[in-house]
Amino acid sequence: MTADYINICLADDDEDDRLFFTDAFDELRINTKVSTFNDGVELMNYLNNEDSILPNVLFLDLNMPKKNGVECLLEIKKNRKLDDIAIAIYSTSSSEEHIEETFVNGANIYIKKPNDFENLKKILSEVVTMNWQYHTSGLNKENFLMRM
Amino acid sequence: MKIYLKFDYAQLTKKIVHEKLSELGFKFNIIGFGEFNFLEKVPSDKIEEITRTFSEYGIGIVENQKSVLVQKIKDTIVEMVHTDKPFNIKSSVYIAEKLNLSYPYLSNVFSEVTYTSIENFIIIQKIELAKQLMINTSFNLTEISIQLNYSSVAHLSTQFKHMTGMTPSAFHKIINKRRELSNKNNN
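Chains A and B, in that order, give the protein sequences. Here the first sequence is numbered in full-length UniProt numbering, starting from 1 and rising by one per residue. Here the second sequence is numbered in full-length UniProt numbering, starting from 1 and rising by one per residue.
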């Protein structure tokens with residue numbers, strides 16, 4: 001049976017951003033379990049570990065030390081075991097080229113980091129609700145593209 | 001060579017369930033999409049076997065009564081959105097009549113379980129179908145808007161943008177580029 005909470009991972013090197021993010025989820029209606037990682041290497045170690053619980057949605061910052069978001073995205077897309085994870089890019093960049101490139105490389109969602117907390121909550125709620133519909137209603141994930 | 005497939009999920013599911021249940025030696029009736037009636041008592045260890053067999057295909061057994069109702073609402077919506085016939089009746093009236101329950105009740109149960117409203121779920125389904133038609137057929141957006149009962153192509157575009165944050169053409173462009181990329185990687 002489908003568990004009635006959603007597993008979420010965030011990889012972001014900025015401590016404040018990680019804090020805002022987990023606080024925002026605490027206030028949402030949907031039950032979530034959030035794990036955070038400080039960089040791409042830490043994230044990929046977790047995802048490649050057989051015992052890890054894989055997230056339903058993964059939020060990826062683009063600029064991170066050691067391994068950046070695009071490198072993680074490409075690695076995840078090459079690994080069939082990680083096929084079911086919806087990937088949301090979570091970045092300060094709003095360059096059209098960047099956005100298109102990440103979508104073409106397999107990202108499902110692109111979020112431009114908002115400046116205020118209320119907006120962040122609203123965006124995360126919309127993203128997770130939409131992902132929930134894909135997750136529970138057999139919609140074709142290949143067509144899951146969303147830009148916020 | 002590369003080919004693209006399109007699916008009828010209802011047909012697919014029915015066929016798999018039918019084949020697997022027959023293989024396991026059960027006698028049953030198909031009542032409707034996703035609803036089956038066993039003609040004999042099924043012991044619980046057999047239920048486990050069925051659950052295991054189906055889970056390989058991503059098919060799950062719905063246990064909780066509210067979830068059953070929500071699944072019926074979803075099935076009604078999918079069927080409604082995918083029908084070729086023009087739809088003249090209000091969707092709320094159609095769903096309530098089909099399930100023989102009051103719309104406010106259905107609406108409450110639905111948002112409690114799915115975190116979204118029936119109205120929003122209908123839009124999600126329509127936009128998903130629009131995406132499929134864009135990708136897998138040669139219909140243009142105007143033809144798709146007619147097939148999906150939109151009053152105009154502008155209405156479809158606006159709703160598409162509202163749901164996905166991008167225009168239909170931006171969506172199409174990304175999917176095409178993905179295909180080019182995967183073709184290149186496969187060659």
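Beta carbons: idealized from backbone N, C-alpha and C, even for Gly.
Collapsing the DSSP output to three states places residue 130 of chain B in a helix. The region 20–29 of chain B makes no contact with the region 147–161 of chain B; the number of CB pairs closer than 8 angstroms stays below 3. The criterion of a C-beta distance shorter than 8 angstroms is satisfied by residue 87 of chain A and residue 108 of chain A.
In chain order, 74 make up the part of chain B whose C-beta sits under 7 angstroms from the C-beta of residue 137 of chain A.
Against residue 53 of chain A, chain B offers no close residue; the least beta-carbon distance is about 18 angstroms (beta-carbon pairs closer than 7 angstroms). Per the C-alpha coordinates, the member of A:13, A:20, A:57, A:43 positioned closest to residue 116 of chain A is A:20. The continuous stretches of alpha helix (DSSP H) do not include residue 112 of chain A, which lies in the beta strand (DSSP E) extending over residues 109–112. Straight-line spacing of the CA atoms in residue 81 of chain A and residue 100 of chain B works out to 43 angstroms. Remark: C-beta atoms of residue 131 of chain A and residue 56 of chain A approach each other more closely than 8 angstroms. Closest in alpha carbon position to residue 113 of chain A, among A:6, A:9, A:18, A:8, is A:18. One finds 138 in chain A with Cβ atoms closer than 8 angstroms to the Cβ of residue 9 of chain B, taken in chain order. Residue 118 of chain B is a Cβ neighbour of residue 107 of chain B, given a cutoff of 8 angstroms. For the UniProt domain "Response regulatory" (7–128) of chain A, the set of residues with a beta-carbon nearer than 7 angstroms to any beta-carbon of chain B comprises 29, 30, 100, 103, 104, in chain order. Contiguous beta strand (DSSP E) elements confined to the region 43–125 of chain A occur at 57–60, 86–91, 109–112, taking only those with 3 or more residues. A contact between stretches requires three or more CB pairs, one per stretch, nearer than 8 angstroms, and the region 56–68 of chain A meets this requirement with the region 32–44 of chain A. Comparing alpha carbon positions, the residue from B:81, B:95, B:42, B:9 closest to residue 58 of chain B is B:9. Assigned with DSSP and collapsed to three states, residue 166 of chain B falls in coil, not helix or strand. It is roughly 13 angstroms from the alpha-carbon of residue 126 of chain A to the alpha-carbon of residue 144 of chain A.
Inclusion of residue 59 of chain A and residue 110 of chain A in the CB contact set at 8 angstroms is not warranted, their separation being larger than that value. In the assembly as shown, residue 128 of chain B is a buried residue. Its beta-carbon has 16 or more other beta-carbons within 10 Å.
Neighbourhood of residue 133 of chain B in chain A, by CB distance below 9 angstroms: empty, with the nearest CB roughly 11 angstroms away. The beta carbon of residue 150 of chain B sits closer than 6 angstroms to the beta carbons of 156 from its chain, once the five residues preceding and following it are set aside; these are given in chain order. Under DSSP, residue 33 of chain A forms a beta bridge with A:7.
The C-beta of residue 106 of chain B comes no closer than 8 angstroms to any C-beta of chain A.
Sixteen is the threshold: since fewer than 16 other Cβ atoms of the shown chains lie within 10 Å of the Cβ of residue 26 of chain A, the residue is exposed. The beta carbons of residue 70 of chain B and residue 110 of chain B sit closer together than 8 angstroms.
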